[in-house]
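A.B. asks: Residue numbers (this note's numbering): 636 to 941.
Note that CB positions come from ideal geometry on N, CA and C, so glycine has one too.
Structure below; questions to follow.
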């Protein structure tokens with residue numbers, strides 16, 4: 636039998652490959668990968684090392700560690716998907732996308748959230764504290780836009796701040812409950828607040844700084860002055876938490892100096908180079924994940940280097 640002759644041209648093949656690559660790239664771009672992957676993984680690893688250091692318990696890696704890390708990533712993916720679902724009508728108004736397309740996208744997002752919830756349950760089988768923490772974090776992430784926002788956003792967006800910013804804090808506490816299940820030990824709530832708070836302040840700095848210098852809508856529709864005040868507050872909070880954490884974990888004097896100096900350097904850098912009306916468009920170099928990475932690298936050095 637003679638082989639079937641393909642009617643597709645090389646250009647058609649290349650076109651399909653380009654379309655597929657673009658679709659995959661767009662899908663991956665909606666997940667906490669690329670520039671956000673390292674800070675997320677670093678936050679989980681630093682948290683586990685800190686809890687182990689404070690408790691005096693060595694943490695042995697294994698397949699469960701990968702399940703915990705996957706769950707941690709997945710919780711941030713859920714947070715992103717919930718945000719996409721909440722912003723669907725705003726991002727794709729009727730003049731831009733037909734109702735049938737929006738309905739199909741909504742269905743895909745809901746299905747992805749359901750699949751993510753199921754995967755979280757599977758990854759945390761036998762880990763009762765970690766499972767409960769993951770469920771609570773996901774529930775709070777969902778309640779923020781679809782509960783709190785519906786009730787209070789018409790009054791003032793800042794009324795929703797505790798719910799919206801509490802959701803990522805709850806995700807950071809997942810690391811403690813995972814560690815608790817693995818180590819079969821407990822730590823007091825002050826330790827948990829300090830460790831999770833250290834990671835959370837970095838996250839909040841990233842969230843509030845990533846759109847500085849751009850025309851994108853700012854968190855809670857704050858003006859530039861409000862964003863600047865918030866960033867200063869997060870850096871001051873990070874200074875206090877990280878210095879307290881260095882004492883709790885018994886880290887070196889060198890690290891304590893680093894923990895105090897880093898936020899101060901960022902404070903000076905931020906305020907000295909804050910973009911004004913005449914500034915060139917674009918995000919400043921101090922914005923984004925750089926502060927988070929600097930905090931985590933310092934912690935890893937303080938925890939692992941003797």
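Measuring straight from C-alpha to C-alpha, what distance separates residue 811 and residue 677?
C.D. replies: Each residue's Cα considered, the two are about 14 Å apart.
A.B. asks: Buried or exposed: which applies to residue 821, given that a residue is buried once 16 or more other Cβ atoms fall within 10 Å of its Cβ?
C.D. replies: Residue 821 comes out exposed.
A.B. asks: Are the stretch 879-891 and the stretch 829-841 touching by the rule of at least three beta carbon pairs closer than 8 Å?
C.D. replies: A contact exists between the stretch 879-891 and the stretch 829-841.
A.B. asks: The alpha helix (DSSP H) that contains residue 853, what's its start and end?
C.D. replies: Taken as a continuous stretch (DSSP letters only), residue 853 belongs to no alpha helix (DSSP H), as it is neither H nor E.
A.B. asks: Start and end of the alpha helix (DSSP H) containing residue 681?
C.D. replies: Unbroken alpha helix (DSSP H) run through residue 681: 672-690.
A.B. asks: Determine whether the beta carbon atoms of residue 891 and residue 809 lie at a separation below 8 Å.
C.D. replies: No, these two residues do not count as a Cβ contact at 8 Å.
A.B. asks: Pull up the distance between the alpha-carbon of residue 823 and that of residue 772, whole angstroms please.
C.D. replies: C-alpha separation (whole angstroms): 20 Å.
A.B. asks: Using a threshold of 8 Å, state whether the C-beta atoms of residue 674 and residue 847 are closer than that.
C.D. replies: No, these two residues do not count as a Cβ contact at 8 Å.
A.B. asks: Under 8 Å between the Cβ atoms of residue 818 and residue 694?
C.D. replies: Their beta carbons are under 8 Å apart, which means residue 818 touches residue 694 by this criterion.
A.B. asks: For residue 856, which residues of its own chain have a beta-carbon under 8 Å away from its beta-carbon, when the five flanking residues on both sides are left out?
C.D. replies: Here the set comprises 792.
A.B. asks: Rounding to the nearest angstrom, what Cα-Cα distance links residue 662 and residue 849 in this structure?
C.D. replies: Unreliable positioning characterises residue 662 in this predicted model, as indicated by a pLDDT of 48, which lies under 50. The coordinate reading is nonetheless provided below. Going from the Cα of residue 662 to the Cα of residue 849 covers about 23 Å.
A.B. asks: Leaving aside the five residues before and after residue 852 along the sequence, list all residues of the same chain whose C-beta is less than 8 Å from its C-beta, in chain order.
C.D. replies: Hits under 8 Å: 846.
A.B. asks: Please state if the CB of residue 807 and the CB of residue 795 are separated by a distance shorter than 8 Å.
C.D. replies: No, they are not a contact pair.
A.B. asks: Where are the beta strand (DSSP E) runs, 3 residues long or more, that stay fully inside the stretch 731-792, in chain order?
C.D. replies: None, since the stretch 731-792 contains no complete beta strand (DSSP E) of that length.
A.B. asks: To which residues of the same chain is residue 775 closer than 8 Å at the C-beta, ignoring the five residues directly before and after it?
C.D. replies: Answer for residue 775: 798, 801, 802, 805, listed in chain order.
A.B. asks: State the Cα-Cα distance for the pair residue 861 and residue 920, rounded to the nearest angstrom.
C.D. replies: Those two C-alpha atoms are separated by around 20 Å.
A.B. asks: Among 784, 889, 758, whose alpha-carbon lies nearest the alpha-carbon of residue 813?
C.D. replies: For residue 813, the nearest C-alpha among the options comes from 758.
A.B. asks: Check whether the Cβ atoms of residue 740 and residue 714 lie closer than 8 Å to each other.
C.D. replies: It is not a contact, given that the beta carbons lie outside the stated cut-off.
A.B. asks: Return helix, strand or coil for residue 918, following the three-state DSSP convention.
C.D. replies: Here residue 918 sits in coil by DSSP.
A.B. asks: Straight-line CA distance for residue 865 to residue 843?
C.D. replies: When rounded, the distance between both Cα atoms is 8 Å.
A.B. asks: Apply the 10 Å Cβ neighbour rule to residue 911 and answer buried if 16 or more other Cβ atoms are within range, or exposed otherwise.
C.D. replies: Exposed.
A.B. asks: Measure the beta-carbon distance from residue 837 to residue 894 and round it to whole angstroms, keeping in mind my assumption that it falls under 8 Å.
C.D. replies: Their Cβ separation, rounded to whole angstroms, is 12 Å, which puts residue 837 and residue 894 out of contact at 8 Å.
A.B. asks: With distances taken from CA atoms, which of 688, 671, 679, 672 is nearest residue 940?
C.D. replies: Residue 688 is the option with its Cα nearest to residue 940.
A.B. asks: What would DSSP say about residue 727, mapped onto helix, strand or coil?
C.D. replies: Residue 727 falls in the coil class under three-state DSSP.
A.B. asks: Thinking C-alpha only, which one of 777, 720, 834, 871 is nearest residue 738?
C.D. replies: Comparing Cα positions, the closest option is 720.
A.B. asks: Name the residue from 870, 854, 863 whose alpha carbon lies nearest to the alpha carbon of residue 897.
C.D. replies: Closest by alpha carbon: 870.
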